[in-house]
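See structure below.
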Amino acid sequence: MFFSCSLSELLSLKHPVTKSDGSLNILVVGDWGRLGGYNQSAVAAQMGIVGEQLDIDYVISVGDNFYSDGLNNDTDPAFEASFSRIYTHPSLQKRWYSVLGNHDYRGNVSAQLSQVLTQKDWRWFCRRSFVISSGMVDVFFVDTTPFVNEYFTDPEDHTYDWSNVLPRNRYISNLLDDLDLALKKSRATWKFVVGHHGIKTAGEHNVTQELIDQLLPILEDNKVDLYMNGHDHCLQHIGSDGGIQFLTSGGGSKAWRGVILPWDPKELKLYYDGQGFMSLHITQSQVKFIFYDISGNVLHQFTI
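For any residue, its number in our numbering is found by taking its place in the sequence shown, counting from 1, and adding 1.
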């Protein structure tokens, strides 16, 4: 009912446009799944209120969906405890499109990708990389965790589930080729890319050099409008006029790291070291994004 597949190399699905003017309203949240703890439930409550005000079309999750080590299997009670029983507001009963974060890779990745979860809660949709098309907007979801060298060379005491990723170089090369092809085929007015790891960030984790080297040139070449990520547990907007806007929405639960790295103040338009989420309001002529704190206060808004 909600989806139709295209022949693109990258899995491409359509989300129906329901508003008469073709506009879309979306919520974006990341780094959330903590059984309701660390203010996850409070963020969820505010998302519900804003979601109702905006009559949202769907939700984007930018990864680290289940802490601390993903899901054990597709019957793991953490799925319902951290997702179904937390995001209960009527306005949030919409499709959730999710990418994997590094913490998700520490569990059973196939569990999060399983149709069993969607049978338990129809809202859930998670794949490694895919495209969601909605009228004037194409959103490209990218699996960024396999790009990060340290997870392979220095995993510390963590175990990552690299099944279906190895050989790594081939996986990354194919993903980049597929993404580039899908971006070039897109005729959408707006092109957004979603990944878990930051490309430009003043947060604790710093920039992801592997993405700067390998992913960013493709985004720039294809004139992407927004790159959205989590990973840093904060809210950020970094960008310059006419360029890609880099948006971090990693405040879904545990935050307040107390770290902000130096960044050009002309580019750093928001850095909020706390919990919250963001919304997107998309029309044919403009995109407006708004960041909210845990009380629903507007921290920052910007229009392109």
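Ideal placement from N, C-alpha and C gives every residue a C-beta, glycine not left out.
Member of the options whose CA lies at the smallest distance from the CA of residue i
i, options, result
"I213", "V149, Q285, G37", "V149"
"I291", "F303, Q285, Q246, G240", "F303"
"K289", "G297, S296, I295, H301", "H301"
"G251", "G243, S241, Q237", "Q237"
"N109", "R129, V117, D75", "D75"
"L262", "Y272, D222, K255, N298", "Y272"
"S111", "C127, G204, D158, V132", "C127"
"G277", "L28, G23, S21", "L28"
"G244", "K201, G297, D77", "K201"
"V225", "L248, G71, V208", "L248"
For residue i, the residue or residues it bridges with in DSSP
i, result
"L273", "The residue asked about is misnamed: residue 273 is Tyr in this sequence, not Leu. DSSP, once it has assigned bridges, lists L236 as partnering Y273."
"S135", "V138"
"M48", "Beta-bridge pairing links M48 to no other residue."
"V30", "S62"
"Q246", "L227"
"K381", "In the structure as shown, the chain starts at 2 and stops at 305, and residue 381 therefore has no counterpart that could be examined."
"F278", "Y293"
"I283", "L25, V288"
"F126", "Y98"
Enclosing alpha helix (DSSP H) for residue i [first to last residue]
i, result
"L212", "210-215"
"D181", "169-186"
"Y152", "151-154"
"S1", "Residue 1 cannot be examined here, being either before or after the span of the chain that is shown, 2 to 305."
Range covered by the beta strand (DSSP E) that runs through residue i
i, result
"Q302", "299-304"
"V195", "191-195"
"L14", "13-15"
"W264", "Segment: none, W264 is in no beta strand (DSSP E) and carries neither H nor E."
"Y98", "97-99"
Exposed unless 16 or more other CB atoms sit within 10 angstroms - verdict on residue i
i, result
"R188", "exposed"
"F4", "Because F4 carries a pLDDT of 46, less than 50, the predicted location of this residue cannot be relied on, and the following value inherits that uncertainty. That one is exposed."
"C6", "Bear in mind that the predicted position of C6 carries a pLDDT of just 43, short of 50, making it too unreliable to give a figure here."
"W33", "buried"
"R171", "exposed"
"Q246", "buried"
"D22", "exposed"
"V117", "exposed"
"L8", "The predicted position of L8 is uncertain, since its pLDDT is 37 and thus under 50; a value taken from the coordinates is nonetheless stated next. That one is exposed."
"P147", "buried"
"M2", "Confidence in M2 is poor, its pLDDT being 40 and thus under 50, which makes the residue's placement unreliable; the coordinate value appears in the next sentence. Counting Cβ neighbours within 10 Å, M2 comes out exposed, since fewer than 16 surround it."
"W257", "exposed"
"L220", "buried"
Contact belief for residue i with residue j at Cβ below 8 Å, rounded distance in angstroms
i, j, result
"A183", "L11", "4 Å"
"K255", "H234", "6 Å"
"H197", "L101", "7 Å"
"S92", "E53", "4 Å"
"W191", "M229", "Not quite, the Cβ-Cβ distance comes to about 12 Å (not below 8 Å), so this is no contact."
"F153", "D122", "In fact, because the Cβ distance is near 32 Å, the residues do not count as touching under 8 Å."
"F142", "S130", "6 Å"
"D65", "N103", "7 Å"
"R96", "Y59", "5 Å"
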